[in-house]
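So the sequence lines, in the order shown, correspond to chains P and X. If you read the first sequence in this note's numbering, its first letter stands for residue 1194, the second for the next number, and so on. If you read the second sequence in this note's numbering, its first letter stands for residue 1194, the second for the next number, and so on. Quick reminder that beta carbons are idealized off the backbone N, C-alpha and C, glycines included. Data block below; observations after.
2 protein chains.
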Amino acid sequence: MVAITDKTALFTKAKLMRGFSDPSRLSILETLLDGPRKVNEIVMATGLSQPNVSSHLSCLRDCGLVSTQSQGKFVIYQLSDPRVNEILNLSSSLLADVARGVYECTRYEPETKLLTDLSKEQING
Amino acid sequence: MVAITDKTALFTKAKLMRGFSDPSRLSILETLLDGPRKVNEIVMATGLSQPNVSSHLSCLRDCGLVSTQSQGKFVIYQLSDPRVNEILNLSSSLLADVARGVYECTRYEPETKLLTDLSKEQING
DNA sequence: TCGTTATATAAGCATATGGTTATACAATTA
DNA sequence: TAATTGTATAACCATATGCTTATATAACGA
């Protein structure tokens, strides 16, 4: 077996982390922190559309962050590994300390632009 | 102080995690796992262009993942918090176990398409 | 079997993202 | 001061991303 090159590992790790880097996927993962859920339960909990949730779930499963189990016509999703929970918890913990910096981040701010004023109020208030 | 809404926290956390979700940023962060580095050292270590590194560093700093310290005309970057190291290590650890799934992920595969054949050989071989 | 419910996929669009080149700015040195 | 070196920013482009609508597939119930 050929060793996985640094470059390949890098791309793969980045791909893995993409699972956490989108608000929709993150809300799905956080929903699953409470335990296994059917797709429609995830749809309800997150408020996202069914096709959108389904698409994100496929991605998360392909990337190994969640696993599935079929039950009749239902499909039950769950976090696949305790380290996924750990990363979610670490990011929450880190968020609490660096929130100010993140809010002021001028990159990737399209959606959050509207939130900025309120956000600053919230963190500084 | 108004509580930070779930939705706002979600967006912010996702933004934070974006720092880890790109191969270039990840290579910068992993370079910094070895300790503080000047920008040009990061450029050398990663093989990325100087403006590209500088741009990613700005993002990482704005998002709170790295911090800086000036030394004459040099700027020294370092990981800002032990939890950043932890997340990097967890993702490496997780990668080792779910690599197969990630490689076969059909989403976000533009750059890795060319690597696929080699990758499968590497993981399965 | 037929309709209904649960989930997945496809096509298409608006926009975000990452990279490059060129250039600005800042600090050091001759 | 002028030239050089280190870093940051701007403008631009090709492409990836996420969402919506429409539709397919699958399992269940009447």
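In the DSSP output, which residue or residues are listed as bridge partners for residue i?
i, result
"X/Phe1267", "X/Gln1264"
"X/Val1259", "X/Leu1272"
"P/Arg1230", "P/Tyr1270"
How about residue i and residue j: do their beta carbons lie closer than 8 angstroms?
i, j, result
"P/Leu1253", "P/Gly1212", "yes"
"P/Ser1220", "X/Leu1203", "yes"
"X/Val1232", "X/Val1268", "yes"
"X/Lys1206", "P/Ser1284", "yes"
"P/Asp1274", "X/Leu1287", "yes"
Are any of the Cβ atoms in chain P nearer than 8 angstroms to that of residue i?
i, result
"X/Val1232", "no"
"X/Pro1229", "no"
"X/Glu1297", "Because the pLDDT at X/Glu1297 is just 49, under 50, the model does not fix this residue reliably, and the value given afterwards should be weighed accordingly. Yes, because at least one Cβ of chain P sits closer than 8 angstroms to the Cβ of X/Glu1297."
"X/Ser1247", "no"
"X/Leu1150", "Missing from the structure shown is residue 1150 of chain X; chain X here goes from 1194 to 1318 and no further."
Taking only beta-carbon atoms, is residue i less than 8 angstroms away from chain X?
i, result
"P/Val1259", "no"
"P/Phe1204", "yes"
"P/Phe1213", "yes"
"P/Ser1242", "no"
"P/Ala1238", "no"
"P/Ile1269", "no"
"P/Ile1280", "yes"
"P/Ser1263", "no"
"P/Leu1222", "no"
"P/Leu1272", "no"
Taking residue i as the reference, give the member of the options with the closest Cα.
i, options, result
"P/Ser1214", "P/Ala1289, P/Ser1286, P/Leu1281, P/Glu1234", "P/Leu1281"
"X/Leu1271", "X/Ser1285, X/Leu1250, X/Glu1279", "The question names Leu, but residue 1271 of chain X in the sequence shown is Gln. Per the Cα distances, X/Leu1250."
"X/Asn1278", "X/Thr1205, X/Asp1199, X/Leu1225", "X/Leu1225"
"P/Asp1290", "X/Ser1286, X/Leu1288, X/Asp1290, X/Arg1276", "X/Arg1276"
"P/Gln1264", "P/Arg1218, P/Gln1243, P/Arg1230", "P/Arg1230"
Measuring only the C-alpha atoms, how far is residue i from residue j?
i, j, result
"P/Glu1297", "P/Lys1266", "Because the pLDDT of P/Glu1297 is 49, which lies under 50, any placement of that residue in the model is unreliable, and the number read from its coordinates should be weighed accordingly. Their backbone Cα atoms lie some 45 angstroms apart in a straight line."
"P/Gly1240", "X/Met1237", "45 angstroms"
"X/Cys1256", "P/Thr1201", "25 angstroms"
"X/Pro1244", "P/Val1246", "37 angstroms"
"P/Arg1218", "X/Thr1261", "31 angstroms"
"P/Asp1199", "X/Glu1234", "18 angstroms"
"X/Pro1216", "P/Pro1216", "20 angstroms"
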